[in-house]
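Take a look at the structure set out below.
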Amino acid sequence: MPRWLVLVGVLCWLPAEAGRRPYIWSFGTETVPEGVVELEQWMWAKSRTPATPTVRSVNWVWWAPVSGVSQHVEVAVPLQLRAGAGRPTVLDSFELDARVRLKPRTSQDPFQMTFRGAWHQPTSGGERRVDLNVISSWTFDNGAQLLLDVGGLLAVSGASAVGTVDLAGSMPLTDELRLGAELFAELPVRGAAGETPHPFVGPSLEWTRGRFWVTAGVLVGLTPLFPQTPHFMPRLMWAVVL
Amino acid sequence: MGRRALRLALTLALLPGAAAGEAASGRVALFRKGGDGARAPMADASGVLVYATGFEAPAPGGPAPRMEQRDKAFLPPVLPVVKGQAVDFVNMDALLHNVFSPSPAAAAPGRKMDLGKYKGPGRVVTYEFRRTGIVDLFCDIHESMRATVVVLPNPAFAFARADGAFRLEGLPPGRLKLFAWAKGARAPAAVEVEVKPGATPEVQLELELQPEPATHADKHGRPYDTHPPGYGE
Numbered sequence: 012m013p014r015w016l017v018l019v020g021v022l023c024w025l026p027a028e029a030g031r032r033p034y035i036w037s038f039g040t041e042t043v044p045e046g047v048v049e050l051e052q053w054m055w056a057k058s059r060t061p062a063t064p065t066v067r068s069v070n071w072v073w074w075a076p077v078s079g080v081s082q083h084v085e086v087a088v089p090l091q092l093r094a095g096a097g098r099p100t101v102l103d104s105f106e107l108d109a110r111v112r113l114k115p116r117t118s119q120d121p122f123q124m125t126f127r128g129a130w131h132q133p134t135s136g137g138e139r140r141v142d143l144n145v146i147s148s149w150t151f152d153n154g155a156q157l158l159l160d161v162g163g164l165l166a167v168s169g170a171s172a173v174g175t176v177d178l179a180g181s182m183p184l185t186d187e188l189r190l191g192a193e194l195f196a197e198l199p200v201r202g203a204a205g206e207t208p209h210p211f212v213g214p215s216l217e218w219t220r221g222r223f224w225v226t227a228g229v230l231v232g233l234t235p236l237f238p239q240t241p242h243f244m245p246r247l248m249w250a251v252v253l
Numbered sequence: 002m003g004r005r006a007l008r009l010a011l012t013l014a015l016l017p018g019a020a021a022g023e024a025a026s027g028r029v030a031l032f033r034k035g036g037d038g039a040r041a042p043m044a045d046a047s048g049v050l051v052y053a054t055g056f057e058a059p060a061p062g063g064p065a066p067r068m069e070q071r072d073k074a075f076l077p078p079v080l081p082v083v084k085g086q087a088v089d090f091v092n093m094d095a096l097l098h099n100v101f102s103p104s105p106a107a108a109a110p111g112r113k114m115d116l117g118k119y120k121g122p123g124r125v126v127t128y129e130f131r132r133t134g135i136v137d138l139f140c141d142i143h144e145s146m147r148a149t150v151v152v153l154p155n156p157a158f159a160f161a162r163a164d165g166a167f168r169l170e171g172l173p174p175g176r177l178k179l180f181a182w183a184k185g186a187r188a189p190a191a192v193e194v195e196v197k198p199g200a201t202p203e204v205q206l207e208l209e210l211q212p213e214p215a216t217h218a219d220k221h222g223r224p225y226d227t228h229p230p231g232y233g234e
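Protein chains in written order, with my numbering: chain D, 12 to 253; chain C, 2 to 234.
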């Protein structure tokens, strides 16, 4: 399988999220309250990569209703649009995404764990895929949080597999504003011979007011050390609670 | 002394958990302040909660305290619990309720208490209160539903009788502070008391109530009249 396809496939991974989330790439351990539906939208981009100059930058739009099914489970049904320089905008894929909390959403314990599983169904080329994540967080009494998200993107055909790891931290600045930072890496495991890890680091800022929240941030690739890593991956996310 | 002082008082934990077996008793006089500023005595003081601070002790064993949502109202309207106790929120109505609280004592910084929407009858959601203080409860669907959970550092609390008399048990010897609080109180009434082994000190408290605000915001901080038609049905 061409290396660029694997790279694009990896970067097609758009985690479904819901509820307040101060991180732009990691799934938090927070979920939408039971019986509540949020409409979420993301816009994000992946810049060029020095090692593959023929691969153009890509832009994505992700949209989904996200529903709190129970005190433990949240489900999203996203659709994704993809656009690139000089190429038409296409409906890229649908997903069915479920996140299950180990403890109920009302738990006040500082340690929380969430499991995520998603089915990725492409509509304009690409591989069907299963995404899996295990996310753990520890929240301190002052509201600061540390988080570890370990995941995998597994092509159903078995042709490719990519591991992901995200180490993140956040802290409240005010009741409405939260600052986050992430160290994120994609780790090609299968189907990408010669592909090196793609590490990124970057900040994010989340603002919540009433029924609306928005998170913005950018991941900066450690491209000087890993030339196959894109320079930038900015992301803007927002949601409205119905 | 406002709510901030009340929260500070409730977080005091000055004395170790020594054997707590003494008692204190007394009487609370309840007054209501009218719109004209005049203060009138109230005949029934049975809604006044009296409690002690200055020591921490766990709740006694037994079933979890229960806060019901019944006929679009919370029952009981005031529920005292000990820090660390879990409360069963039971929806007894065959319709959705969404219990929430904007109070800082309800959840960790950066989080809000929101039990989500669930329908009864009989559905239970359990919530643990880990911080002392006053927790105002509302329903995000039914604006008229109001209740209060008072999270205390120890189980030495009691409701006064209609005549204002009360008795607190399980107090450790030493200098403690007793408070009286009721819904509508701008600030709790307080008195210091010296508890000695074998003696039951008598104290007097006066508590003044004011009219409660007629409206409050929903869980997003918005007026209830911004809800779309059929919200919560």
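The C-beta atom is built at its ideal place from N, Cα and C for all residues, glycine as well.
If residue i and residue j are in contact, beta carbons under 8 Å, what's the gap, nearest whole angstrom?
i: residue 108 (chain D); j: residue 86 (chain D); result: 7 Å
i: residue 172 (chain C); j: residue 23 (chain C); result: 5 Å
i: residue 184 (chain C); j: residue 78 (chain C); result: 7 Å
i: residue 188 (chain D); j: residue 182 (chain D); result: No, residue 188 (chain D) and residue 182 (chain D) are not in contact; Cβ-Cβ is about 10 Å, not under 8 Å.
i: residue 210 (chain C); j: residue 31 (chain C); result: 7 Å
i: residue 102 (chain C); j: residue 114 (chain C); result: 4 Å
Anything in chain D within Cβ reach of residue i, meaning under 9 Å, just list it in chain order.
i: residue 97 (chain C); result: 46
Between which two residues does the beta strand (DSSP E) holding residue i run?
i: residue 95 (chain C); result: No beta strand (DSSP E) contains residue 95 (chain C), which DSSP labels as neither H nor E.
i: residue 213 (chain D); result: 209–220
i: residue 30 (chain C); result: 23–34
i: residue 199 (chain D); result: 188–201
i: residue 152 (chain D); result: Here residue 152 (chain D) belongs to no beta strand (DSSP E), and DSSP marks it neither H nor E.
i: residue 149 (chain C); result: 147–153
i: residue 160 (chain C); result: 158–160
i: residue 96 (chain D); result: Here residue 96 (chain D) belongs to no beta strand (DSSP E), and DSSP marks it neither H nor E.
i: residue 2 (chain D); result: No answer is possible for residue 2 (chain D): it lies beyond the span of chain D, which begins at 12 and ends at 253.
i: residue 122 (chain D); result: 122–133
i: residue 68 (chain C); result: 67–71
i: residue 44 (chain C); result: It is not in any beta strand (DSSP E) - residue 44 (chain C) carries neither H nor E in the DSSP assignment.
i: residue 76 (chain D); result: 69–79
i: residue 128 (chain C); result: 124–129
i: residue 223 (chain C); result: Per DSSP, residue 223 (chain C) belongs to no beta strand (DSSP E) and is neither H nor E.
i: residue 181 (chain D); result: 172–183
Closer than 8 Å by beta-carbon distance: list the chain D residues that pair up with residue i, in chain order.
i: residue 221 (chain C); result: 221, 222, 252
For residue i, which residues of its own chain have a beta-carbon under 6 Å away from its beta-carbon, when the five flanking residues on both sides are left out?
i: residue 250 (chain D); result: 49, 51, 224
i: residue 77 (chain D); result: 29, 43, 49, 51, 87
i: residue 148 (chain D); result: 40, 123, 156, 158
i: residue 195 (chain C); result: 176
i: residue 22 (chain D); result: With a pLDDT of 39 at residue 22 (chain D), under the threshold of 50, the modelled position of this residue cannot be trusted, and the question is left open.
i: residue 106 (chain D); result: 89, 129, 131
i: residue 209 (chain D); result: 197, 240
i: residue 113 (chain D); result: 124
i: residue 127 (chain D); result: 38, 110, 144
i: residue 248 (chain D); result: 53, 226
For residue i, which of the options has the nearest alpha-carbon?
i: residue 99 (chain C); options: C:158, C:122, C:139, C:157; result: C:139
i: residue 179 (chain D); options: D:81, D:215, D:206; result: D:215
i: residue 177 (chain C); options: C:150, C:215, C:192, C:168; result: C:192
i: residue 1 (chain C); options: C:51, C:225, C:174; result: Since the displayed chain C opens at 2 and closes at 234, residue 1 (chain C) lies outside it and no answer follows.
i: residue 170 (chain D); options: D:137, D:191, D:161, D:160; result: D:137
i: residue 246 (chain D); options: D:222, D:240, D:252, D:213; result: D:213
i: residue 59 (chain C); options: C:189, C:131, C:213; result: C:131
i: residue 227 (chain C); options: D:221, D:32, D:55, D:234; result: D:221
i: residue 58 (chain D); options: D:252, D:238, D:113; result: D:238
i: residue 160 (chain D); options: D:61, D:193, D:229, D:66; result: D:193
i: residue 166 (chain D); options: D:185, D:139, D:146, D:153; result: D:139
i: residue 63 (chain C); options: C:229, C:156, C:231; result: C:156
Along chain D, which residues have their Cβ under 7 Å away from the Cβ of residue i?
i: residue 126 (chain C); result: 82, 117
i: residue 144 (chain C); result: In chain order: nothing, as chain D lies at least about 16 Å away.
i: residue 131 (chain C); result: 119
Please list, in chain order, all residues of the same chain as residue i whose beta carbon is under 8 Å from its beta carbon, the five residues on each side excluded.
i: residue 91 (chain C); result: 67, 68, 69, 70, 121, 123, 124, 125
i: residue 13 (chain C); result: Bear in mind that a pLDDT of 48 at residue 13 (chain C), under 50, signals an unreliable position, so the number given afterwards is only what the model happens to contain. These residues qualify, in order along the chain: 54, 55, 154, 178.
i: residue 165 (chain C); result: 28, 29, 30, 31, 46, 49
i: residue 1 (chain C); result: The structure shown does not extend to residue 1 (chain C), since chain C spans only 2 to 234, so no value can be given for it.
i: residue 100 (chain D); result: 92, 93, 94
i: residue 82 (chain C); result: 60, 66, 88, 130, 150, 151, 152, 153
i: residue 96 (chain D); result: 67, 68
i: residue 233 (chain D); result: 210, 211, 212, 240
For residue i, which residues in chain C fall below 7 Å Cβ to Cβ?
i: residue 153 (chain D); result: 110
i: residue 150 (chain D); result: 109
Give the interface partners of residue i over in chain C, defined as CB-CB distance under 9 Å, in chain order.
i: residue 79 (chain D); result: 117, 118
i: residue 214 (chain D); result: Near residue 214 (chain D) there are no residues of chain C at all, since even the closest Cβ is about 17 Å away, more than 9 Å.
i: residue 189 (chain D); result: 111
Residues of chain C with CB closer than 8 Å to the CB of residue i, please, in chain order.
i: residue 183 (chain D); result: 110, 111
i: residue 292 (chain D); result: Given a span of 12 to 253 for chain D in the structure shown, any question on residue 292 (chain D) remains unanswerable.
Within a Cβ cutoff of 7 Å, which residues of the same chain sit near residue i, ignoring the five residues on either side of it in sequence?
i: residue 159 (chain C); result: 51, 167, 168, 169
i: residue 117 (chain D); result: 82
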